[in-house]
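full-length UniProt numbering numbers the first residue of the sequence shown as 1 and each following residue consecutively.
Single-structure report; data block below.
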Amino acid sequence: MAILPLNLYTAAQVRELDRCTIEEFGISGAMLMERAGKASLEQLRKHWPQAQRLVIICGVGNNGGDGYVLARLARKAEMYVSIYQLGDNSKLSTDAQAARQMLLDSGMEILPFQPQVLRAADVVIDAIFGTGLSRGVTGQWADAIEAINTCGQPVFAMDIPSGLHADTGNILGIAIKAQVTATFGGLKQGMFTHLGPDYCGEIAFDSLSIPPEAYHGVTPSARRITLEDHITKLPSRAKAGHKGDYGHVVIIGGERGMPGAARMAGEAAYRVGAGLVSIATREKHASLLNLARPELMCYGVESAEELKPLLNRATTLVIGPGLGQDLWGQTMLAEALNHSHPLVVDADALNLLASQPRQHNRWIITPHPGEASRLLNINIEEIQADRFAAVQALQQRYGGVAVLKGNGSLVCSTNHPLGLCTAGNPGMASGGMGDVLSGTIAGLLAQGLTLNNAAHLGVTIHAMAGDRAAREGGERGLLASDLMEHLRQLANLQQIGP
Numbered sequence: 001m002a003i004l005p006l007n008l009y010t011a012a013q014v015r016e017l018d019r020c021t022i023e024e025f026g027i028s029g030a031m032l033m034e035r036a037g038k039a040s041l042e043q044l045r046k047h048w049p050q051a052q053r054l055v056i057i058c059g060v061g062n063n064g065g066d067g068y069v070l071a072r073l074a075r076k077a078e079m080y081v082s083i084y085q086l087g088d089n090s091k092l093s094t095d096a097q098a099a100r101q102m103l104l105d106s107g108m109e110i111l112p113f114q115p116q117v118l119r120a121a122d123v124v125i126d127a128i129f130g131t132g133l134s135r136g137v138t139g140q141w142a143d144a145i146e147a148i149n150t151c152g153q154p155v156f157a158m159d160i161p162s163g164l165h166a167d168t169g170n171i172l173g174i175a176i177k178a179q180v181t182a183t184f185g186g187l188k189q190g191m192f193t194h195l196g197p198d199y200c201g202e203i204a205f206d207s208l209s210i211p212p213e214a215y216h217g218v219t220p221s222a223r224r225i226t227l228e229d230h231i232t233k234l235p236s237r238a239k240a241g242h243k244g245d246y247g248h249v250v251i252i253g254g255e256r257g258m259p260g261a262a263r264m265a266g267e268a269a270y271r272v273g274a275g276l277v278s279i280a281t282r283e284k285h286a287s288l289l290n291l292a293r294p295e296l297m298c299y300g301v302e303s304a305e306e307l308k309p310l311l312n313r314a315t316t317l318v319i320g321p322g323l324g325q326d327l328w329g330q331t332m333l334a335e336a337l338n339h340s341h342p343l344v345v346d347a348d349a350l351n352l353l354a355s356q357p358r359q360h361n362r363w364i365i366t367p368h369p370g371e372a373s374r375l376l377n378i379n380i381e382e383i384q385a386d387r388f389a390a391v392q393a394l395q396q397r398y399g400g401v402a403v404l405k406g407n408g409s410l411v412c413s414t415n416h417p418l419g420l421c422t423a424g425n426p427g428m429a430s431g432g433m434g435d436v437l438s439g440t441i442a443g444l445l446a447q448g449l450t451l452n453n454a455a456h457l458g459v460t461i462h463a464m465a466g467d468r469a470a471r472e473g474g475e476r477g478l479l480a481s482d483l484m485e486h487l488r489q490l491a492n493l494q495q496i497g498p
């Protein structure tokens with residue numbers, strides 16, 4: 001098994017990769033199946049070195065064939081293996097049928113599945129459904145998955161947890177909840193967003209020694225975002241540099257009861273390297289925000305005319321944190337959109353935008369699923385059912401760069417691969433995290449990054465800062481302000497200039 005690659009694929013793309021490998025490179029489907037079984041055995045030994053009793057449940061597709069191979073190899077390795085069949089084995093593919101016959105020829109027995117057999121296992125192996133599943137799981141299949149999930153034994157999934165949609169990370173009625181998933185050939189995009197990470201557990205990958213040339217004919221559907229890919233885009237800091245070299249971010253927001261949102265966005269912009277940060281807020285909040293973080297320049301702004309001079313000095317804008325949706329918020333948004341600065345649009349500014357949709361090629365919109373549902377005029381369930389389609393629809397409708405926040409945040413822009421962030425943790429589901437993200441992205445924009453690079457780097461720095469903060473004190477009780485020092489550290493992981 002290798003470290004996880006960056007490229008992600010749909011189920012159809014993985015099938016095309018298999019076809020290319022078999023037809024153009026002469027590696028048979030049976031050989032790929034053999035390699036998948038061998039790779040799975042290696043992972044079982046790695047994660048459960050003391051395990052001796054395996055219970056393997058096979059379906060009737062190629063995933064079941066992988067399970068037959070694993071059973072034969074595990075038995076050869078002197079493990080005690082029980083193998084059970086779900087479904088009519090007469091429907092097996094040619095390769096899976098051959099793997100089944102080899103198993104029978106070795107003297108092993110395949111029995112109909114019964115839930116009580118799970119209690120005898122050190123590890124239960126899921127080889128029921130593969131990546132081709134697109135319908136809801138019902139009947140004996142659903143009953144078996146329910147039994148596996150509730151048996152109390154560790155579960156190992158081959159290629160993908162049965163019942164998990166390989167493209168969307170959606171659950172097709174019910175799905176295996178694995179501790180470890182060994183996936184083969186190409187990473188499936190649905191394993192890394194929405195419910196995918198929760199059901200896959202730890203993900204291990206094996207290329208099955210597919211020739212690198214086979215991948216050239218299949219364009220990945222998405223790419224995992226890494227810090228290394230984008231941190232080098234930040235300019236080095238010369239010793240003669242001054243604050244004006246690193247941009248001036250203006251944060252517009254902080255309506256009644258919500259001044260803290262603008263304050264957190266402002267500090268985040270500073271922490272990733274912006275030279276100057278100003279906050280345009282309600283008059284009565286300006287002095288309070290300045291006390292909370294004296295480096296912030298805070299201005300009471302009650303009209304478009306009062307906002308204009310500040311916008312004229314800015315290089316980058318953020319609008320939305322604590323903005324509100326009343327007349328003041330509407331006025332601030334309208335004036336911000338009259339300027340040509342790069343713009344990060346979040347929170348209430350997105351809700352206002354949803355009521356009057358427009359396109360802009362100089363902004364980054366950062367909705368969570370609820371805001372995305374309003375921007376696209378569909379329900380949240382539809383957003384989460386296919387987050388990849390949703391973020392692409394957002395970008396097409398509104399232009400610029402779209403960031404769809406959530407488990408496996410997605411970044412979409414024209415002429416760039418769709419990016420997926422695999423960092424982050426459940427502790428970040430707390431108030432203010434989105435404000436910190438908007439400020440982080442704006443601080444990077446202010447230093448000269450493109451919209452695409454700032455969105456990718458901002459999303460990953462923000463998520464990694466959340467992970468570092470969670471490691472220090474745990475996920476429960478994690479605050480948005482806990483990320484600040486980690487943002488600073490992560491933004492400095494690039495080569496310092498002379």
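Cβ coordinates follow ideal geometry from the N, Cα and C atoms, glycine included.
If distances are taken between C-alpha atoms only, which option among the options comes closest to residue i?
{"i": "D326", "options": "I145, M102, L352 and N377", "result": "L352"}
{"i": "N492", "options": "K233, L323, G329 and P161", "result": "K233"}
{"i": "I251", "options": "P197, D88, A314 and G431", "result": "A314"}
{"i": "A354", "options": "H339, L375, N361 and T366", "result": "L375"}
{"i": "G324", "options": "R358, L337, L288 and G257", "result": "G257"}
{"i": "Y9", "options": "P367, G169 and S28", "result": "G169"}
{"i": "D122", "options": "R358, H47 and G427", "result": "H47"}
{"i": "Y299", "options": "G322, E109 and T281", "result": "T281"}
{"i": "V407", "options": "H360, A262, N361 and T460", "result": "Per the sequence presented here, residue 407 reads as Asn, with Val not at that position. The option with the nearest alpha carbon to N407 is T460."}
{"i": "S134", "options": "Q153, A142, L164 and G217", "result": "L164"}
{"i": "Y199", "options": "I148, A222, G244 and S207", "result": "I148"}
{"i": "A228", "options": "C421, A429 and H339", "result": "For the sequence presented, residue 228 should be read as Glu rather than Ala. The shortest Cα separation from E228 among C421, A429 and H339 belongs to C421."}
{"i": "L276", "options": "L291, L296, A261 and N290", "result": "L296"}
Does the distance between the C-beta of residue i and the nearest non-hydrogen atom of the ligand NAP fall short of 8 Å?
{"i": "A389", "result": "Inclusion of the ligand NAP in the displayed structure is not the case, the ligand content being empty and no account of it being possible."}
For the alpha helix (DSSP H) containing residue i, name the first residue and the last one.
{"i": "A385", "result": "I380 to A385"}
{"i": "S438", "result": "M433 to A446"}
{"i": "W141", "result": "G139 to N149"}
{"i": "D105", "result": "T94 to D105"}
Apply the 10 Å Cβ neighbour rule to residue i and answer buried if 16 or more other Cβ atoms are within range, or exposed otherwise.
{"i": "V81", "result": "buried"}
{"i": "A120", "result": "exposed"}
{"i": "Q447", "result": "buried"}
{"i": "T181", "result": "buried"}
{"i": "D482", "result": "buried"}
{"i": "F25", "result": "exposed"}
{"i": "A402", "result": "buried"}
{"i": "A99", "result": "buried"}
{"i": "Q101", "result": "exposed"}
{"i": "S409", "result": "buried"}
{"i": "D18", "result": "buried"}
{"i": "A480", "result": "buried"}
Suppose you measure from the CA of residue i to the CA of residue j; what does that come to, to the nearest Å?
{"i": "I443", "j": "L418", "result": "First, the residue type needs correcting, since residue 443 is Gly and not Ile in the sequence shown. The alpha-carbon atoms of G443 and L418 are separated by roughly 22 Å."}
{"i": "G497", "j": "A238", "result": "At G497 the pLDDT is 36, less than 50, meaning the model places this residue with poor confidence; the figure from the coordinates comes in the next sentence. When rounded, the distance between both Cα atoms is 5 Å."}
{"i": "L111", "j": "Q140", "result": "15 Å"}
{"i": "M1", "j": "Q43", "result": "For M1, the predicted structure reports a pLDDT of 44, less than 50, and the residue's modelled location is therefore unreliable. A value from the coordinates is still provided. Each residue's alpha carbon lies about 8 Å from the other."}
{"i": "V69", "j": "C412", "result": "40 Å"}
{"i": "L104", "j": "S162", "result": "24 Å"}
{"i": "G136", "j": "G370", "result": "25 Å"}
{"i": "G266", "j": "L478", "result": "19 Å"}
{"i": "A39", "j": "A77", "result": "14 Å"}
{"i": "P49", "j": "G87", "result": "31 Å"}
{"i": "N7", "j": "T183", "result": "13 Å"}
{"i": "L487", "j": "I441", "result": "11 Å"}
{"i": "N415", "j": "R471", "result": "36 Å"}
{"i": "T21", "j": "I27", "result": "6 Å"}
{"i": "M264", "j": "G244", "result": "22 Å"}
{"i": "T331", "j": "G152", "result": "57 Å"}
Name the DSSP bridge partner or partners of residue i?
{"i": "K188", "result": "Y9"}
{"i": "I319", "result": "I252 and V345"}
{"i": "S40", "result": "Bridge partners of S40: none, in fact."}
{"i": "M297", "result": "S278"}
{"i": "M264", "result": "Paired residues: none, contrary to the question."}
{"i": "C412", "result": "A402"}
{"i": "I27", "result": "Beta-bridge pairing links I27 to no other residue."}
{"i": "F113", "result": "Paired residue(s): none; F113 is not in a bridge."}
{"i": "G419", "result": "R223 and V411"}
{"i": "M33", "result": "The partner list for M33 (beta bridge, DSSP) is empty, contrary to what the question assumes."}
Could you spell out the range, first to last residue, of the beta strand (DSSP E) harbouring residue i?
{"i": "D206", "result": "E202 to D206"}
{"i": "Q85", "result": "Y80 to Q85"}
{"i": "residue 542", "result": "The chain is shown only over 1 to 498; residue 542 falls outside these bounds and no answer can be derived."}
{"i": "W363", "result": "W363 to I365"}
{"i": "R224", "result": "A222 to R224"}
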